[in-house]
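In the numbering used here, the protein residues as written are 10 to 280.
So, in structure tokens, the structure goes:
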């Protein structure tokens, strides 16, 4: 396993993905051997026998060892057979864990490379979408409207923010805009593609009840105009004017849970 000319111990790391997992494991193990010059050489995206033969030849020449996280069965078995023939030591980093899991849960592994990386990418897309929803919540910055996957519009207390966060966990970038009669919607809203814009409407009596309870929870006067039925009807009429101008789909959120409304929005977005 030692390259006599260089005084190094060389470990070739083979993977049918990027090889980060094996690389980290080998380096973690190597860190336990103080004052030993251990060099890790990563070989990613190993999907053919020719690459395996080249690495085995190099390992034989440099008296190296091979660590791998190959999940493609044909390539893995070829490596093991060839390495054994050339008397090269190999370490299967992921295999024993997969074998034990297979035995425990009684399921066959997918045998698909790169799944961890795909999961990581999905995670970061979700985080990006959540941050987007926070940044462009409640019409804070209209520049985000043209970058959003979905734009929600509605009067106050129609679940715009909870829906934005829920959809963000589905990796969708969502912005929302409050509709208030005294405030013109941002011009950017009228440039959003119609299929990306969703209006949220609600029955006035239900909204009256929600706002009344909201004011009580905040310790405020429940007789404020915010919870006045005539004011609420005025807001909803103005909302209708805006959605008609945009020509967007409108969903009635009355008596609907956030999850149910979110599914309707997703279906509209995917159509």
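Ideal Cβ placement from N, Cα and C applies to all residues, glycine included.
Since the structure is predicted, the reported quantities are computational estimates derived from the model, not experimental observations.
* To do: Inspect the beta-carbon positions of residue 142 and residue 174 and report whether they are closer than 9 angstroms.
  => Against the chain shown, residue 142 aligns to sequence position 133. Against the chain shown, residue 174 aligns to sequence position 165. Yes, the pair counts as a contact, with Cβ atoms nearer than the cut-off.
* For residue 196, which residues of its own chain have a beta-carbon under 8 angstroms away from its beta-carbon, when the five flanking residues on both sides are left out? -> In the chain shown, residue 196 corresponds to position 187, counting from 1. Only 151 meet the Cβ criterion.
* **Collapsed DSSP secondary structure at residue 163 in the structure displayed** => For the purposes of this step, residue 163 is taken as the residue at position 154 of the chain shown. In this structure, residue 163 counts as strand in the three-state DSSP scheme.
* Would you kindly work out how many angstroms separate the C-alpha atoms of residue 89 and residue 55, rounded to a whole number? => The residue given as residue 89 occupies position 80 in the chain shown. The residue given as residue 55 occupies position 46 in the chain shown. Answer to the nearest angstrom: the Cα atoms are 14 angstroms apart.
* Asked: What distance in whole Å lies between the Cβ atoms of residue 31 and residue 65, which are believed to be in contact at a cut-off of 8 angstroms?
  -> As a position in the chain shown, residue 65 is number 56, starting the count at 1. As a position in the chain shown, residue 31 is number 22, starting the count at 1. Their Cβ separation, rounded to whole angstroms, is 16 angstroms, which puts residue 65 and residue 31 out of contact at 8 angstroms.
* To do: Check residue 132 in the structure and name its three-state DSSP category.
  => Here residue 132 corresponds to residue number 123 of the chain shown, with the count starting at 1. Looking at residue 132 - three-state DSSP - the assignment turns out to be helix.
* Residues near residue 208 by beta carbon distance below 6 angstroms, same chain, minus five either side -> Taking the chain shown and counting its residues from 1, one reaches residue 208 at position 199. Excluding sequence neighbours, residue 208 sits near 162, 252, 257 and 259.
* Reference residue 248, options 265, 220, 210 and 85, closest by Cα -> The residue given as residue 248 occupies position 239 in the chain shown. Comparing C-alpha distances from residue 248 to each of 265, 220, 210 and 85 shows the shortest one belongs to 210.
* To do: Measure the alpha-carbon distance for residue 203 versus residue 216 and round it to whole angstroms.
  => As a position in the chain shown, residue 203 is number 194, starting the count at 1. As a position in the chain shown, residue 216 is number 207, starting the count at 1. Rounded to whole angstroms, residue 203 and residue 216 show a C-alpha spacing of 26 angstroms.
* Between which two residues does the alpha helix (DSSP H) carrying residue 202 extend? -> The residue given as residue 202 occupies position 193 in the chain shown. In the DSSP annotation of this structure, residue 202 is not part of any alpha helix (DSSP H), being labelled neither H nor E.
* Asked: Between the beta-carbon of residue 73 and the beta-carbon of residue 102, is there less than 9 angstroms?
  -> Position 64 of the chain shown holds residue 73. Position 93 of the chain shown holds residue 102. Contact: no.
* Any idea if residue 148 is buried or exposed, counting beta-carbon neighbours within 10 angstroms, 16 or more meaning buried? -> As a first step, residue 148 must be located in the chain shown, where it is residue number 139. Burial call: buried.
* Please report the residue range of the alpha helix (DSSP H) in which residue 188 lies. => Along the chain shown, read from residue 1 onward, the residue named residue 188 stands at position 179. Taken as a continuous stretch (DSSP letters only), residue 188 belongs to no alpha helix (DSSP H), as it is neither H nor E.
* Leaving out five residues before and five after residue 224 in sequence, what residues of the same chain have Cβ atoms less than 8 angstroms from its Cβ? -> Counting from one through the chain shown, the residue named residue 224 turns up at place 215. Correct list, in chain order: 230, 231, 233, 235 and 236.
* With DSSP collapsed to three states, give me the class of residue 25. => The residue you call residue 25 lines up with position 16 of the chain shown. Coil, per DSSP.
* Asked: Grouping DSSP H, G and I as helix and E and B as strand, with all else coil, what is residue 265?
  -> In the chain shown, residue 265 corresponds to position 256, counting from 1. Note: residue 265 maps to coil in three-state DSSP.
* Within the same chain, show all residues whose beta-carbon is closer than 7 angstroms to that of residue 117, passing over the 5 residues directly before and after it, in chain order. => On the chain shown, position 108 is the one that residue 117 refers to. Around residue 117: 111.
* Would you call the CB atoms of residue 6 and residue 25 closer than 9 angstroms? -> A query on residue 6 cannot be resolved here, the shown segment of the chain reaching from 10 to 280 and no further.
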